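Student:
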Amino acid sequence: MRFRRNPNPNFRPTPRIVQLPLETVELSNELPTDGLNAVEFLTLSGPEIKAVELPNELSEPVPARFRRRPKLQTRTVRVSTAFLFPGQGAQTVGMAAELCANSPAAKALFERAADILGYDLLALCANGPAEKLNATDVSQPAIFVASLAALETLRGVEPDAFANVTATAGLSLGEYTALAFAGALSFDDGLRVVQARGRAMQAAAEATPGAMASLIGPDVAAVEALVAEARSAGVLEVANLLCPGNTVISGSTAAVDAACQLAETKGIRAVRLAVAGAFHTKLMKPADEQLA
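If you read the sequence shown in the working numbering, its first letter stands for residue 18, the second for the next number, and so on.
(1) Based on the DSSP secondary-structure assignment, which residues constitute the bridge partners of methionine 229?
(2) According to the neighbour-count rule (16 or more other Cβ atoms, all chains shown, within 10 Å of its Cβ), is valine 144 buried or exposed?
(3) Would you call the region 171–183 and the region 124–144 touching, i.e. three or more CB-CB distances under 8 Å?
(4) What does the alpha-carbon distance come out to for the pair leucine 134 and phenylalanine 161?
(5) Just curious, the beta strand (DSSP E) that phenylalanine 100 is in, first and last residue?
(6) Does arginine 95 come out as helix, strand or coil in the three-state DSSP assignment?
(7) Mind checking who glutamate 254 pairs with in its DSSP beta bridge?
(8) Since alanine 230 contacts alanine 276 with CB under 8 Å, what's their CB separation in whole angstroms?
(9) Just to confirm, is the Cβ distance from valine 273 to valine 255 under 8 Å?
(10) Going by C-alpha distance, which of Ala178, Pro158 and Ala221 is nearest alanine 197?
(11) Identify which residue in Asp236, Leu290, Phe100 and Lys299 has its Cα closest to the Cα of alanine 199.
(12) Could you have a look at valine 237 and say whether DSSP puts it in helix, strand or coil?
(13) Can you check DSSP and say which residues form a bridge with threonine 185?
(14) Quick one: grab the DSSP three-state call for alanine 201.
(15) Is the number of C-beta pairs between the region 221–236 and the region 164–173 that are closer than 8 Å three or more?
(16) Pull up the distance between the alpha-carbon of leucine 150 and that of arginine 92, whole angstroms please.
(17) Which class does leucine 300 belong to by DSSP, given the choice of helix, strand or coil?
(18) Can you tell me which of Val292, Arg95, Ser203 and Arg129 puts its alpha carbon nearest to the alpha carbon of alanine 221?
(19) Just tell me which of Cys117, Gly191, Ala287 and Ala213 has its CA closest to the CA of alanine 304.
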């Protein structure tokens, strides 16, 4: 079927629809929308094609499905991957047990860690107790090794996931994991550094008991105002800006307790973190000096 003009300028046909078998219709890619006395537009309808005849003067715009469509522009997009590693507080009893049960590479990494640390880290991760796993000198090596063991598992089941890795980063302890993954530190050296860091921070935490809590909801300015109000109970600082609406405070146990109680009166949700000290505050100065 071709588009056709009607020679009679006074021709005013009634719009009509006719059914035509597909094999009898010759389609054109150019669909004019004006300048014709009578035009038949083609639209697909199941196994047949509908030819719609329109009057030469349209009282309404041509329906969108009849207009010329621009040619689609396509381009190839390269997908990039970034790996982000967690910090202390992400540990939980039972972690890495399933990884090591299903991945020989992950289990081998924990066996290597046991030789370096001098104790069975996998047993503590899998079985606890939580009090021991949450201790800074244990939780930091545990998260470091478990994070890299998870990557070994991923490498075995989905090796293409590493094809386009362009960046890696981590939160606090996770920075060391990111450095090891990027090749800036060997696994052995990274684990030794993390072990020394955990021991130094555990000693500082025992010297001055502290705690951390995440305040959910308020912006940073509101958290800073709350911290200033609760600081009379002891050392208290804004420690981490995790994301909008999630800010971590850190300080002496008494001060964090006071801040959490004050947050409750203001309708702010406070979540205590599973850490053993006031990390990212001046109370960790002794650990800084020991590691310097």
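Every residue gets a Cβ at the ideal spot worked out from N, C-alpha and C, and that includes glycine.
Only a predicted model underlies this, so the values are computations on that prediction, with no experimental measurement involved.
Tutor: Considering the structure as presented:
(1) For the purposes of this step, residue 229 is taken as residue 212 along the sequence shown, with counting starting at 1. Methionine 229 pairs with Ser267.
(2) Reading the sequence shown from its first residue, position 127 is the one you call residue 144. In the sequence as presented, valine is not what sits at residue 144; that position holds asparagine. Counting Cβ neighbours within 10 Å, asparagine 144 comes out exposed, since fewer than 16 surround it.
(3) no
(4) One-based indexing of the sequence shown puts residue 134 at position 117. One-based indexing of the sequence shown puts residue 161 at position 144. Looking at the two C-alpha atoms, the distance is approximately 13 Å.
(5) Looking up residue 100 in the sequence shown gives position 83. Where phenylalanine 100 is concerned, the enclosing beta strand (DSSP E) stretches over 98–102.
(6) For this step, residue 95 is matched to residue 78 along the sequence shown. Here arginine 95 sits in coil by DSSP.
(7) Against the sequence shown, residue 254 aligns to sequence position 237. According to DSSP, which records beta bridges pairwise, glutamate 254 is partnered with Ser267.
(8) Within the sequence shown, the letter at position 213 stands for residue 230. Within the sequence shown, the letter at position 259 stands for residue 276. The pair is a contact, with the Cβ atoms about 7 Å apart (cut-off 8 Å).
(9) Numbered from its first residue, the sequence shown carries residue 273 at position 256. Numbered from its first residue, the sequence shown carries residue 255 at position 238. Taking 8 Å as the Cβ cut-off, valine 273 and valine 255 do not qualify as a contacting pair.
(10) In the sequence shown, the residue the question calls residue 197 occupies position 180. For alanine 197, the nearest C-alpha among the options comes from Pro158.
(11) In the sequence shown, the residue the question calls residue 199 occupies position 182. Answer by Cα proximity: Phe100.
(12) The count along the sequence shown starts at 1 and reaches residue 237 at position 220. Valine 237: helix per DSSP, three-state reduction.
(13) Translated into positions along the sequence shown, residue 185 becomes position 168. Threonine 185 pairs with Phe100.
(14) Taking the sequence shown and counting its residues from 1, one reaches residue 201 at position 184. Of the three classes helix, strand and coil, the one that applies to alanine 201 here is coil, per DSSP.
(15) no
(16) Within the sequence shown, residue 150 is the residue found at index 133, counting from 1. Within the sequence shown, residue 92 is the residue found at index 75, counting from 1. Each residue's alpha carbon lies about 50 Å from the other.
(17) Within the sequence shown, the letter at position 283 stands for residue 300. In this structure, leucine 300 counts as helix in the three-state DSSP scheme.
(18) Along the sequence shown, one-based indexing puts residue 221 at 204. Minimum Cα distance to alanine 221 is reached at Val292.
(19) What you label residue 304 is simply residue 287 of the sequence shown in a count that begins at 1. With distances taken between Cα atoms, alanine 304 lies closest to Ala213.
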